[in-house]
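Student: In my numbering, the protein residues as written are 348 to 429.
We put the CB at the ideal spot given by N, CA and C, even for glycine.
Would you mind keeping the following structure in view while I ask a few things?
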């Protein structure tokens with residue numbers, strides 16, 4: 348992790364060239380960086396977030412902040428704060 352923090356750009360360049368990188372913390376694997384396959388990048392036609400603007404309307408409380416949207420989408424203690 349220390350090496351990645353110091354040289355993140357170089358690591359991401361390597362991933363962009365097709366290399367896979369295993370990140371470790373205190374000798375234990377914690378994450379893997381790998382190239383994204385082209386077919387996994389695009390959203391499928393039935394993805395509900397693909398055309399979310401078609402369903403967006405101002406509610407009685409007005410526009411939501413980014414934090415409120417994240418909470419609603421991903422869950423958390425502020426999901427029902429309004």
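Please look up how many angstroms separate the CB atoms of residue 380 and residue 368, rounded, as I've assumed it's under 8 Å.
Tutor: At roughly 4 Å, the Cβ-Cβ gap stays under 8 Å, so residue 380 and residue 368 are in contact.
Student: Can you round the beta-carbon distance between residue 382 and residue 365 to whole angstroms, since I take them to be within the 8 Å contact cut?
Tutor: With 8 Å as the limit, residue 382 and residue 365 qualify as a contact, their Cβ atoms being about 5 Å apart.
Student: Tell me the rounded alpha-carbon separation between residue 378 and residue 410.
Tutor: Roughly 36 Å separates the two Cα atoms.
Student: Considering only residues of the same chain and omitting the five flanking positions on each side of residue 362, which have a CB-CB separation below 7 Å?
Tutor: Hits under 7 Å: 368, 380, 381 and 382.
Student: Is residue 359 helix, strand or coil by DSSP?
Tutor: Note: residue 359 maps to helix in three-state DSSP.
Student: Ends of the alpha helix (DSSP H) at residue 349?
Tutor: Element bounds for residue 349: 349-353.
Student: Could you tell me which of 358, 420 and 351 sits nearest to residue 372, measuring between CA atoms?
Tutor: Among 358, 420 and 351, the Cα nearest to that of residue 372 is on 351.
Student: Reducing DSSP to helix, strand and coil, say where residue 420 ends up.
Tutor: Here residue 420 sits in helix by DSSP.
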